[in-house]
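Colleague: Residues 6 to 233 (this note's numbering) make up the sequence shown, in order. Just so you know, even glycine gets a beta-carbon here, dropped at the ideal spot from N, CA and C.
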Amino acid sequence: IKLSGKKRPRLLFLPTASSDSENYWRIIQRYFGGYLKCRTDVLFLINKRPAKREIRKKILSADIIYVGGGNTLKMMRLWRRLGIDKLFKIARHKGTVLCGLSAGSICWFESGHSDSMSFYNPKKWKYIKVKGLGLIKGIHCPHYDSATRGVKRKRKFLGMIKKSGGWGVAIDGSCAIEFIGGRFRVLAARKSAHAYRVYKKDGQVVSEVIPQEKGLLPVANLYRRAEQ
6 IKLSGKKRPR LLFLPTASSD SENYWRIIQR YFGGYLKCRT DVLFLINKRP
56 AKREIRKKIL SADIIYVGGG NTLKMMRLWR RLGIDKLFKI ARHKGTVLCG
106 LSAGSICWFE SGHSDSMSFY NPKKWKYIKV KGLGLIKGIH CPHYDSATRG
156 VKRKRKFLGM IKKSGGWGVA IDGSCAIEFI GGRFRVLAAR KSAHAYRVYK
206 KDGQVVSEVI PQEKGLLPVA NLYRRAEQ
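1) Beta-carbon separation of residue 178 and residue 145 under 8 Å?
2) Taking Cβ positions, are residue 142 and residue 81 nearer each other than 8 Å?
3) Run through DSSP, which three-state label would residue 196 get?
4) Excluding sequence positions up to five away, which residues of its chain have a Cβ less than 7 Å from the Cβ of residue 217?
5) Whole angstroms are fine: how far does the CA of residue 76 sit from the CA of residue 173?
6) Between the C-alpha atoms of residue 119 and residue 17, what's the straight-line distance to the nearest angstrom?
7) Have a look at the DSSP bridge pairing and note the partners of residue 203.
8) With respect to the alpha helix (DSSP H) encompassing residue 33, which residues constitute its N-terminal and C-terminal limits?
9) My guess is that residue 70 and residue 101 are in contact by the Cβ rule of under 8 Å, so how many angstroms apart are they, rounded?
10) For the segment 55 to 124, list the beta strand (DSSP E) runs that are entirely contained and at least 3 residues long, ordered along the chain.
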């Protein structure tokens, strides 16, 4: 983010996927506002229905947009009804940092491996593919090394790719992928955390660790193996 002087970056938090959780918002304020010294703001869309003018102003005036986790399907449906998907694309072209975790990570990709159905029927559900904003190529799977309600993500994501094809990017907990101007890099907070290319080759599904480099690499490198 290029900011003049000592101006603190403005961070906008969207807790749509967690049904506008007030507690989630307080955590964001403590960490991003208190520890990282950002100017924090929140955009509630479920409990408070702001005017379109207010939504547009908040999104397009933010330096950083952070999207929280939760029900991806519910979030994406609401965003499209309100036209927020279009505003995010404008923000991207303005140079706004777009980020998040879980649902807030899935949303930037073409689609994602989602446990949204577990919010509607915790006893009988399955992972589904949810359409994202399409700002990043591929099918994204967060929490690759964990499970929702005892159902392991990795096994089900591999099954999804085997059935439907496509190219996937999976990320363990404590790991992230950063995309900057047509380049990328993997960032991990622990040695055992990785990001993976997931794709079909000769009828079999391959889950391949994406190397962690100090510098940024061309995004084309991310997809090269799958397209060979």
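Modeller: In short, the structure shows the following:
1) Here residue 178 corresponds to residue number 173 of the sequence shown, with the count starting at 1. Here residue 145 corresponds to residue number 140 of the sequence shown, with the count starting at 1. Cβ atoms of residue 178 and residue 145: not closer than 8 Å.
2) For the purposes of this step, residue 142 is taken as the residue at position 137 of the sequence shown. For the purposes of this step, residue 81 is taken as the residue at position 76 of the sequence shown. One thing to note: residue 142 has its Cβ no nearer than 8 Å to the Cβ of residue 81.
3) Here the question's residue 196 lines up with position 191 in the sequence shown. Residue state for residue 196 is assigned as coil, using DSSP reduced to three classes.
4) Residue 217 sits at position 212 when you count from the first residue of the sequence shown. Around residue 217: 191, 193.
5) Position 168 of the sequence shown, counting from 1, holds the residue named residue 173. Position 71 of the sequence shown, counting from 1, holds the residue named residue 76. Cα to Cα, the separation comes out at about 20 Å.
6) Residue 119 sits at position 114 when you count from the first residue of the sequence shown. Residue 17 sits at position 12 when you count from the first residue of the sequence shown. Across the structure, residue 119 and residue 17 are spaced so that their CA atoms are roughly 24 Å apart.
7) As a working note, residue 203 is residue 198 in the sequence shown. In the DSSP assignment, residue 203 is bridged to 173, 212.
8) Along the sequence shown, read from residue 1 onward, the residue named residue 33 stands at position 28. For residue 33, the enclosing alpha helix (DSSP H) begins and ends at 27 to 33.
9) Within the sequence shown, the letter at position 65 stands for residue 70. Within the sequence shown, the letter at position 96 stands for residue 101. That belief holds up - the Cβ atoms of residue 70 and residue 101 are roughly 6 Å apart, short of 8 Å.
10) 69 to 72, 102 to 105, 114 to 119, all fully within the segment 55 to 124.
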